[in-house]
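Heads up, the thing below is written out as structure tokens.
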Ligand SMILES: NC(=O)c1ccc[n+]([C@@H]2O[C@H](COP(=O)([O-])OP(=O)(O)OC[C@H]3O[C@@H](n4cnc5c(N)ncnc54)[C@H](OP(=O)(O)O)[C@@H]3O)[C@@H](O)[C@H]2O)c1
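Numbering (my numbering), first residue to last: 1319 to 1744.
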């Protein structure tokens, strides 16, 4: 029998309880012994919860779990940085294995936690921390172990994918789509971490660290959210044969690691373009396996609980067999990421200009001076003094585009630069 201390009985914690109640016997057979939840740490013991839990299990004292030598496995489902990080450290130091779905803690402190686990001869598993129910961490460590993974492209945030899908398919404004996502429970009340791209950055930092056998510091990832995307951009993207997605990108290139999160034009016949609503997907390229895509629910109670319980089964087996999962214990040096200015892409640029003869010539001169060549130019004819111009460049270093934008802003007939979106060659 393996005694478990659960930390957190909120959305995911309750889902874990339901799965263990429903499939307990089958799970025990898979593990080789019973998984028994001994204690559950919560904030408010008297809260009304939508799950049947013996109230005698509930505690609001972390020491009841951490100082109990009979507890061999701690499942951290509190979320946030602290006290979750400190609880995980304390559990590992006391010789307890850990399962967590906490992307923030794994992305920020992974290396330290893996070392602690190794030093204390216990395991730490975190499949639920990236893409909820979609298996990706164990496949990266095990199923693709024979490959040099060259590229990972992820739609790793359900909230932003839902909003962009609704804007694209139903013509909804950003705010309306966000409110709908909140009403359905796909977006949190404070959606800033999702909208700003930070949530996806934690996740791609974790995936890239495993895939490229390095440690990716989340603070050095270039991150841009979807707050600036307007319906007009979505409509023009469609006219040009693209959809806009918030992509988490990790490429292992000759001249360094290119890791970034931002909205991007994705060709509408690419498999990632078909990933809509709250769904997530991970598209990767390995030198042996070639292209592989996984698709599913990237968050939510039961999909995330599915990943957490799968980790509990794996770690439970390891505890039963007194085995330590050495795949976590590889500590390569941190690599510097490529600066976004050095990244090469095609770019979509939407401007507002005075409807005057010669404006386009001024714009193309600025671009030409910076060696930015154009793939297409769309001039929208309107009976207004200010009109939109849409430019799509050929592949060029971002540095040249940024220089051009600075110069374009100086032109008297350029009223506004509305948006710059990367056209991702997938
Ligand atoms: N929800 C998802 O769809 C999803 C998807 C992927 C990953 N995750 C990750 O899963 C983890 C859990 O998320 P969740 O959505 O289940 O969170 P949640 O619904 O907010 O639940 C958090 C639980 O932790 C307890 N808690 C919070 N602070 C505590 C403290 N200081 N001491 C003791 N207990 C504390 C709360 O107690 P009370 O109940 O008493 O308030 C609650 O039971 C997070 O790391 C999250 O990022 C969630």
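The beta carbon of each residue, even a glycine, is placed where N, CA and C say it ideally should be. In this text, all values refer to a predicted model and were calculated from it rather than measured experimentally.
By the Cβ-count criterion, residue 1643 is buried, with 16 or more other Cβ atoms from all chains shown falling within 10 Å of its own Cβ.
DSSP places residue 1578 in the strand class (E or B) of the three-state scheme.
Close CB contacts of residue 1609 within its chain, under the 6 Å cut and outside five residues either way in sequence, are with 1603 (chain order). By the C-beta density criterion, residue 1722 is buried, having at least 16 other C-beta atoms within 10 angstroms. Taking 8 Å as the upper bound for CB-CB distance, residue 1473 and residue 1598 are in contact here, some 5 Å apart. Only exposed fits residue 1553, as fewer than 16 other CB atoms lie within 10 angstroms of its CB. The three-state reading of DSSP puts residue 1660 in helix, counting H, G and I together.
Scanning its chain for C-beta atoms nearer than 6 Å, with the 5 sequence neighbours on each side dropped, one finds around residue 1521 the residues 1421, 1448, 1474, in chain order. Collapsing the DSSP output to three states places residue 1583 in a strand. Put simply, of 1469, 1366, 1714, 1440 the residue whose alpha carbon is nearest the alpha carbon of residue 1638 is 1440. If you draw a straight line from the Cα of residue 1689 to the Cα of residue 1707, it is about 19 Å long. Residue 1378 is not a Cβ neighbour of residue 1365, given a cutoff of 7 Å.
When DSSP states are grouped into helix, strand and coil, residue 1615 belongs to the strand group. C-alpha of residue 1700 to C-alpha of residue 1666: approximately 20 Å in a straight line. Residue 1391 places its beta carbon less than 7 Å from that of residue 1322. Counting C-beta pairs closer than 8 Å gives fewer than three between the region 1524–1540 and the region 1723–1737, which falls short of the contact rule. Contact between residue 1499 and residue 1480 holds, with the beta-carbon distance rounding to 5 Å and staying under 8 Å.
In the three-state scheme derived from DSSP, where H, G and I count as helix and E and B as strand, residue 1593 is classed as coil.
C-alpha of residue 1569 to C-alpha of residue 1375: approximately 46 Å in a straight line. Leaving aside the five residues that flank residue 1533 on each side, the residues in its chain whose CB is nearer than 6 Å to its CB run, in chain order, 1429, 1527, 1652. Within the model, the alpha-carbon separation for residue 1624 versus residue 1662 is close to 39 Å. Beta-bridge pairing by DSSP links residue 1609 to 1603.
Linking residue 1563 to residue 1581 through their CA atoms gives a straight-line distance of about 5 Å.
Annotation for residue 1329 indicates a beta carbon within 6 Å of some heavy atom of ligand 1.
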